[in-house]
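Visitor: According to my numbering, the residues represented by the first sequence are 1173 to 1778, in order. For every residue, glycine included, the Cβ atom is placed at its ideal position computed from N, Cα and C. Below is a structure I'd like to ask you about.
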Amino acid sequence: MVSSSAPPQSPPIHLPKTSESESLKKIRHTASHVMAMAVQKLFPKAQVTIGPWIENGFYYDFDNPEPFTEKDLKAIKKEMTKIIQRKLPVIREEVSRDEAKQRITAIQESYKLEILEDIKQEPITIYHLGDLWWDLCAGPHLENTAELNAEAIELESVAGAYWRGDETKAQLQRIYATAWETPEQLAEYKRRKEEALRRDHRKLGKELGLFIFADPVGPGLPLWTPKGTVLRSTLEDFLKQEQLKRGYLPVVTPHIARVDLFKQSGHWQKYKEDMFPAMAETEEDRANEIGFVMKPMNCPFHIQIYKSELRSYRELPMRLAEFGTVYRYEQSGELGGLTRVRGFTVDDSHLFVTPEQLDAEFLNVVDLILTVFKSLQLKNFRARLSFRDPASDKYIGSDEAWDKAESAIRRAVETLGMNHFEGIGEAAFYGPKLDFIFQDALEREWQLGTVQVDYILPERFDLEYVAEGGARQRPVMIHRAPFGSLERLIGILIEEYAGDFPIWLAPVQIRLLPVTEEQVPFARQVVEQLRSHQIRAELDHSGERLGKMIRNAEKEKIAVMAVVGAKEVEANALSIRTRASGELGALPVAEVSQRLRLAIAQYADF
RNA sequence: GCCGAUGUGGCUCAGUGGUAGAGCACUCGAUUCGUAAUCGAGCGGUCGUGGGUUCAAAUCCCACCAUCGGCUCCA
């Protein structure tokens, strides 16, 4: 249905996350058991594994010879309703480890046996549904299945999932479901999911004509339309200005380089499989790994520029910056919209600093990143200290270098008193990071900005500077990208604004709507006048009626519309209508121009 | 890469074995119009691609490609 008015406002229904509600925890634990029991009733060959709650519902992983279908979900739901109606008491029982083992062996559930081995404490708790079904579970649970409301439960989707999240292990069938206290809550949850779909950047990107993907070009390789390119370059210009103020030096480097460059940096050894295959002239070259590859990162290039001359301590910190487009061969199943692509542009910079400058320079970078987020009105992010996993061998460099780098990041975060959490195992292979994590419309998390402290690449590339007094010393590198990826940032921004960009970012800042053809010459002249002030103005010359032109502008989410009729021509004025506030009445052309320029300069509304 | 679903004109979708449909968009004509759709006509599709089954395939089967939901991965 198409409606011109805002949806009717009903009293808001509070939807807590599972972690915030004891009641939902019980409901979802119990619902998950009921679902597992239903599945085993209908699919006797299904083995149960785990079935935890998640923030908006729960899932359960089964090992079943056949994947479940949509039809199966309906049948399972029906069976669950029956179980609920049987009013089975949920009984908690404590047993010894041996007892638990015996019982599991008796019902031949091999996955459960593995789970039992992981449970450290004793006694082991078991929850029964009447005397018909039981599962190892820590609880808590409802007291009776009848406390579940079958009308407030929905089985949402099936998906493959690896046992223990390990791709070398068996692939299980996961059923995602949700359960609430009341059907009204379920309806509200579904409404919000649909709402989220409306702001999905893939949908809006198509509707607003910002970017496309083309089959002949290839997956994960976005093409930017004129409107999308305005967005991109506006963001680029904005950051370039900020960087200019902070002493960054622009550089430009090529898209490809010899394999050797990445052998020296370590990328080839670690990420060969994730790079586009090398371009080799002969099969012999290919066999010897001689050739050129698309760059997966910019750092080795910037390092070459640093190395091209003998550097003095007087030149440091040296901040080399570039919007560098990189190419990574992401797994096919991982691609999605603009958030995960195979070619993307990093607002990259590499800072070469003395060890003494490190702390201050790190703080400068974080300050820049926070300034950028503030200007973009991005508030909903979390800062993650991405450190190495001591148990993994995927890193290069000495423990000492890592310790130094990690403590530098920790010091900076403490100095700033910034909210943060630690992500062990989230570090880059050459160093720890401070990452800024955002959510998309579907509540999936993505890394945007990042700052990394690196003692290791300077070592690998034998970087030096001449210190005061003449001694050769090794600089420290900071890798940083406030946007992270321009593509991903734009994806997040589209969803954050739901397509309603602030004026300074909007591809079209004002559209003139002439009431009849009579006003077209005047409107054309006004458009030219506004454009001469760097305002992105355009004219609707469709010849449609006013109502239709407004409708089109609204659908395209044009923030400021200017109606031009006979009266306006007479008064050298524009009747302004904004998406946000509706009709504002007639304003002199000069004032409209002035207000637009102010809004643009201050990242504000009209 | 793995599991599952989906793929019909530019867009949104209908069409489950018998000569390809609708709305919007686009083009043309009429209308010159004041804050979310003026009326009429026309153009447009080898039904993702390639094989197969059949007298006959958008529809059934196989493979591949792409997209979506997950899993795994993410320098």
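With a 10 Å radius around its C-beta and 16 neighbouring C-beta atoms as the bar for buried, classify residue 1790 as buried or exposed.
Guide: With the chain represented from 1173 up to 1778, any question about residue 1790 goes unanswered, as that position is not in the structure.
Visitor: Pull up the distance between the alpha-carbon of residue 1764 and that of residue 1508, whole angstroms please.
Guide: Position 592 of the first sequence holds residue 1764. Position 336 of the first sequence holds residue 1508. Those two C-alpha atoms are separated by around 40 Å.
Visitor: Which same chain residues, not among the five before or five after residue 1447, have their C-beta less than 8 Å away from its C-beta?
Guide: Translated into the one-based positions of the first sequence, residue 1447 becomes position 275. Once the five neighbours on either side are set aside, the close Cβ partners of residue 1447 are 1434, 1439, 1440, 1465, 1466, 1468, 1499, 1500 and 1501.
Visitor: Which residues does DSSP list as the beta-bridge partners of residue 1491?
Guide: Taking the first sequence and counting its residues from 1, the one referred to as residue 1491 is at position 319. Partner(s): 1523.
Visitor: My understanding is that residue 1660 touches residue 1620, with C-beta atoms under 8 Å, so please give their C-beta distance in whole angstroms.
Guide: Here residue 1660 refers to the residue found at position 488 when the first sequence is read from its first residue. Here residue 1620 refers to the residue found at position 448 when the first sequence is read from its first residue. So it is a contact: roughly 6 Å between Cβ atoms.
Visitor: Which same chain residues, not among the five before or five after residue 1709, have their C-beta less than 6 Å away from its C-beta?
Guide: Position 537 of the first sequence holds residue 1709. Taken in chain order, the residues that qualify are 1682, 1699, 1702 and 1703.
Visitor: Measure how close the beta-carbons of residue 1360 and residue 1187 come, nearest whole angstrom, since I'm counting them as under 8 Å.
Guide: Stepping through the first sequence from its first residue, residue 1360 is reached at position 188. Stepping through the first sequence from its first residue, residue 1187 is reached at position 15. At roughly 6 Å, the Cβ-Cβ gap stays under 8 Å, so residue 1360 and residue 1187 are in contact.
Visitor: Can you name the start and end residues of the alpha helix (DSSP H) that residue 1361 belongs to?
Guide: Here residue 1361 is taken as the residue at index 189 of the first sequence, counted from 1. Per DSSP, residue 1361 belongs to the alpha helix (DSSP H) from 1355 to 1370.
Visitor: Locate the beta strand (DSSP E) running through residue 1705, then write down its first and last residues.
Guide: In the first sequence, the residue the question calls residue 1705 occupies position 533. Per DSSP, residue 1705 belongs to no beta strand (DSSP E) and is neither H nor E.
Visitor: Give the straight-line distance between the Cα atoms of residue 1496 and residue 1767, rounded to the nearest whole angstrom.
Guide: The residue you call residue 1496 lines up with position 324 of the first sequence. The residue you call residue 1767 lines up with position 595 of the first sequence. Going by the C-alpha atoms only, they are around 35 Å apart.
Visitor: Which residues does DSSP pair with residue 1350 in a beta bridge?
Guide: As a working note, residue 1350 is residue 178 in the first sequence. According to DSSP, which records beta bridges pairwise, residue 1350 is partnered with 1326.
Visitor: Do you know how far the Cα of residue 1526 is from the Cα of residue 1567?
Guide: As a first step, residue 1567 must be located in the first sequence, where it is residue number 395. As a first step, residue 1526 must be located in the first sequence, where it is residue number 354. Their backbone Cα atoms lie some 23 Å apart in a straight line.
Visitor: What number of angstroms, rounded off, separates the C-alpha of residue 1179 from the C-alpha of residue 1260?
Guide: Here the question's residue 1179 lines up with position 7 in the first sequence. Here the question's residue 1260 lines up with position 88 in the first sequence. Caution is warranted here: a pLDDT of 45 is assigned to residue 1179, below 50, making its placement in the model unreliable, and no coordinate value can be reported.
Visitor: Using three-state DSSP, classify residue 1653 as helix, strand or coil.
Guide: By 1-based counting over the first sequence, the position of residue 1653 is 481. In this structure, residue 1653 counts as strand in the three-state DSSP scheme.
Visitor: With a threshold of 7 Å on Cβ separation, who are the neighbours of residue 1215 within its own chain once the five nearest residues in sequence on each side are excluded?
Guide: Taking the first residue of the first sequence as 1, we reach residue 1215 at position 43. Excluding sequence neighbours, residue 1215 sits near 1236.
Visitor: Within 10 angstroms of its Cβ, does residue 1657 collect 16 or more other Cβ (buried), or is it exposed?
Guide: Numbered from 1 along the first sequence, position 485 holds the residue referred to as residue 1657. So residue 1657 ends up on the buried side.
Visitor: If you follow the beta strand (DSSP E) that residue 1466 is part of, which residue opens it and which one closes it?
Guide: As a first step, residue 1466 is located in the first sequence; it is residue number 294 there, counting from the start. 1464 to 1466 is the span of the beta strand (DSSP E), which, as asked, contains residue 1466.
Visitor: Using the C-alpha atoms, what's the distance from residue 1762 back to residue 1531?
Guide: Position 359 of the first sequence, counting from 1, holds the residue named residue 1531. Position 590 of the first sequence, counting from 1, holds the residue named residue 1762. Taking the straight line joining both Cα atoms gives about 49 Å.
Visitor: Helix, strand or coil: which one does DSSP assign to residue 1454?
Guide: Position 282 of the first sequence, counted from the first residue, corresponds to residue 1454. If DSSP states are grouped into helix, strand and coil, residue 1454 belongs with coil.
Visitor: Please tell me whether residue 1314 and residue 1241 are closer than 7 Å, where the distance is taken between their beta carbons.
Guide: Locating residue 1314 in the first sequence gives position 142, where the first residue counts as 1. Locating residue 1241 in the first sequence gives position 69, where the first residue counts as 1. No, the Cβ-Cβ distance between residue 1314 and residue 1241 is not below 7 Å.
Visitor: In angstroms, rounded to a whole number, what distance separates the CA positions of residue 1231 and residue 1333?
Guide: Within the first sequence, numbered from 1, the residue matching residue 1231 stands at position 59. Within the first sequence, numbered from 1, the residue matching residue 1333 stands at position 161. One C-alpha to the other measures close to 11 Å.
Visitor: Hey, could you find the ends of the beta strand (DSSP E) residue 1293 is sitting in?
Guide: Your numbering for residue 1293 matches position 121 in the first sequence. Element bounds for residue 1293: n/a, residue is neither H nor E.
Visitor: Helix, strand or coil, according to DSSP, for residue 1754 in the structure here?
Guide: Residue mapping note: residue 1754 aligns to position 582 of the first sequence, counting from 1. Of the three classes helix, strand and coil, the one that applies to residue 1754 here is strand, per DSSP.
Visitor: Helix, strand or coil for residue 1335? Go by DSSP, reduced to three states.
Guide: For this step, residue 1335 is matched to residue 163 along the first sequence. Reduced to three states, the DSSP call for residue 1335 is helix.
Visitor: Where does the unbroken beta strand (DSSP E) through residue 1622 begin, and where does it stop?
Guide: Looking up residue 1622 in the first sequence gives position 450. Per DSSP, residue 1622 belongs to the beta strand (DSSP E) from 1617 to 1626.
Visitor: Return the residue from the list 1251, 1305 and 1270 that minimises the CA-CA distance to residue 1263.
Guide: Sequence index remark: in the first sequence, residue 1263 carries index 91 (1-based). Of the listed residues, the one whose Cα sits closest to residue 1263 is 1305.
Visitor: Near residue 1775, what residues of its chain come up, given a Cβ to Cβ distance below 7 Å and the 5 sequence neighbours on each side ignored?
Guide: Numbered from its first residue, the first sequence carries residue 1775 at position 603. The answer, listed in chain order, is 1547, 1674 and 1676.
Visitor: Reducing DSSP to helix, strand and coil, say where residue 1186 ends up.
Guide: For the purposes of this step, residue 1186 is taken as residue 14 along the first sequence, with counting starting at 1. The answer is coil: DSSP assigns residue 1186 none of H, G, I, E or B.
Visitor: Suppose you measure from the CA of residue 1154 to the CA of residue 1298; what does that come to, to the nearest Å?
Guide: Nothing about residue 1154 can be reported from this structure: the residues present for the chain run from 1173 to 1778 only.
Visitor: Of the residues 1539, 1485 and 1591, which one's Cα is nearest the Cα of residue 1528?
Guide: For the purposes of this step, residue 1528 is taken as residue 356 along the first sequence, with counting starting at 1. For residue 1528, the nearest C-alpha among the options comes from 1485.
Visitor: Are residue 1610 and residue 1475 close, meaning C-beta to C-beta below 7 Å?
Guide: Here residue 1610 refers to the residue found at position 438 when the first sequence is read from its first residue. Here residue 1475 refers to the residue found at position 303 when the first sequence is read from its first residue. In this structure, residue 1475 does not lie closer than 7 Å to residue 1610 by Cβ.
Visitor: Could you give the DSSP three-state label for residue 1565: helix, strand or coil?
Guide: Numbered from 1 along the first sequence, position 393 holds the residue referred to as residue 1565. If DSSP states are grouped into helix, strand and coil, residue 1565 belongs with coil.
Visitor: Going by DSSP, name the residue or residues bridged to residue 1745.
Guide: On the first sequence, position 573 is the one that residue 1745 refers to. For residue 1745, which the question treats as bridged, DSSP gives the partners 1760.
Visitor: Can you list, in chain order, the residues of its chain whose CB lies under 7 Å from that of residue 1714, leaving out five sequence neighbours each side?
Guide: By one-based count along the first sequence, residue 1714 stands at place 542. Here the set comprises 1721.
Visitor: Would you tell me roughly how many angstroms separate the C-alpha atoms of residue 1399 and residue 1380, rounded to the nearest one?
Guide: Taking the first residue of the first sequence as 1, we reach residue 1399 at position 227. Taking the first residue of the first sequence as 1, we reach residue 1380 at position 208. Distance between the alpha carbons of residue 1399 and residue 1380 is about 8 Å.
Visitor: Near residue 1707, what residues of its chain come up, given a Cβ to Cβ distance below 8 Å and the 5 sequence neighbours on each side ignored?
Guide: If you number the first sequence from 1, residue 1707 lands on position 535. Around residue 1707: 1681, 1682, 1765, 1768, 1769 and 1772.
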